[in-house]
Each structure stands twice: as structure tokens, then as C-alpha cells.
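> Per the UniProt record's numbering, the very first residue in the sequence shown carries number 1; after that it's consecutive. Here you go, one structure.
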Amino acid sequence: MARKKNPAGHYQVPPHIVRAQQLAAERRPWKPRPLIPRRRQLLGVLGASLACAGLALVFWLPSRSLVQELRGSGVTVAAEVTAVDNKPKYVKVEFLQGEESGTEEKLWDYAGMLPDVHPGDTLLVTYDPDDPHRGLPHAWVVDPPANLPAYGTSAIAVFFFAGAVVGTLRRRRLLRTDLSRS
């Protein structure tokens, strides 16, 4: 016996599917509503994003401005490393050339980093002639190393900002659907 075919466009939903849809419609009002993100939570996440962005600027601007100043008006001389703290918290160098010859100064850190050198090593140092304490290895003035703290806090700021945007959109969608149900 051949199966009876319905003409195209006259599809009938099977009875067990109709019953399942009716049960789902009856149970829908009892389903717990999703939690709506509160305004203060969203403002807190946005505030954390702004705080991280500010912290990234605090990490980035001093190092960047020092490099720019040394590129513009810095003096490059040979220097010998005289002392290195084991942490390292400082690197002391003695200038071997120029007006500051024989002067011992600590090198400035770049993004919390100091060069990996040992006492007795010789390196080129670019320093500010008005303030010889503000000096960096010449290689770092030409091509500064990656500023990992600034990059990390920037990534965290973007993450928090994206969370605030997603939370705001979710809040709007949930509030809109709640109003349409009422």
C-alpha cells in the first residue's frame, strides 16, 4: 500500500509535537527569569576598564616620553658598568667619554626593566645632558623593548570594556522582553 502524500504547502505537524509545544507554552511562565545585570555592576565594570586604561597610560607615558627626550637632545657615550644589584633594582655605570667622563650614575629603568649586564661590561649609554641620571642604553633609545605592563593592562581594559558593552546589551534585551511579556 502506498503512503498518502500531502500536497506541497499543506504540512501537518505531528500530534506528539503539538502536545510538546502546548506543554512548553504552559510551563513557560513558571520558568525562572534570567538575572538582569544591575546598573551599578555595569558601572563597576566600566570603571574597572577606565582604571586599567589609566594604569596603561601611567606605564606607557613616562617611558615613552623619556625615549623621545633622549632621541631629541640626548648625548651618547661609552660607559662601563660598575655595579649591578642582584634583584636588579639598579645598574650603575661610569661614563668613559664626554663632559660627564668619570661620573657614576644609575641608569633609568624602562617599563620596570633594566639591561641584563654584569660589572665590567661596556655599553653605549644615551643620557640627558641637563640631568645625567636620566639615561638609557643606546639600543633601547633606538629600538625600545616591549612595554609588557602597558600591553597587559591595555588588554585587561579592553576585556572589561567589552564586558560592559555585552552586559549593557544583555540588560536592554532582557528588559525589553520583560516589558513585552507584561
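Ideal Cβ placement from N, Cα and C applies to all residues, glycine included. Just so we're clear, the structure is a prediction, and the values are computed from it rather than from any experiment.
#1: Quick check: His138 and Thr126, are their CB atoms within less than 7 angstroms of each other?
#2: So, with DSSP's three-state summary, where would you put Gly47?
#3: Take Gly98 and list the residues in its own chain whose beta-carbon comes closer than 8 angstroms to its own, dropping the five residues that flank it on each side.
#4: In its own chain, which residues sit with a C-beta less than 7 angstroms from the C-beta of Asn147, not counting the 5 before and 5 after it?
#5: Taking C-alpha atoms, which residue in Leu174, Val18, Tyr151, Arg176 lies nearest to Ala53?
#6: When you compare the stretch 33 to 40 with the stretch 170 to 177, are there three or more beta-carbon pairs, one atom per stretch, that lie closer than 8 angstroms?
#7: Starting from Leu23 and walking both ways along the alpha helix (DSSP H), at which residues does that stretch end?
#8: What residue ranges within the stretch 114 to 176 form continuous alpha helix (DSSP H) runs of no fewer than 4 residues, ordered along the chain?
#9: Rounded to whole angstroms, what's the CA-CA distance from Ala48 to Val166? Just pull it up for me.
#10: Suppose you measure from the CA of Ser154 to the CA of Ala56; what does that come to, to the nearest Å?
#11: Under 7 angstroms between the Cβ atoms of Val81 and Val67?
#12: Measuring only the C-alpha atoms, how far is Pro129 from Leu70?
#13: For Lys106, report the span of its beta strand (DSSP E) as first-last.
Inspection of the coordinates gives the following:
#1: yes
#2: helix
#3: The beta carbon of Gly98 sits closer than 8 angstroms to the beta carbons of Val75, Val77 from its chain, once the five residues preceding and following it are set aside; these are given in chain order.
#4: Phe59, Trp60, Ser63, Ala111
#5: Tyr151
#6: yes
#7: 15 to 27
#8: 138 to 142
#9: 15 angstroms
#10: 6 angstroms
#11: no
#12: 9 angstroms
#13: Here the beta strand (DSSP E) through Lys106 covers 104 to 106.
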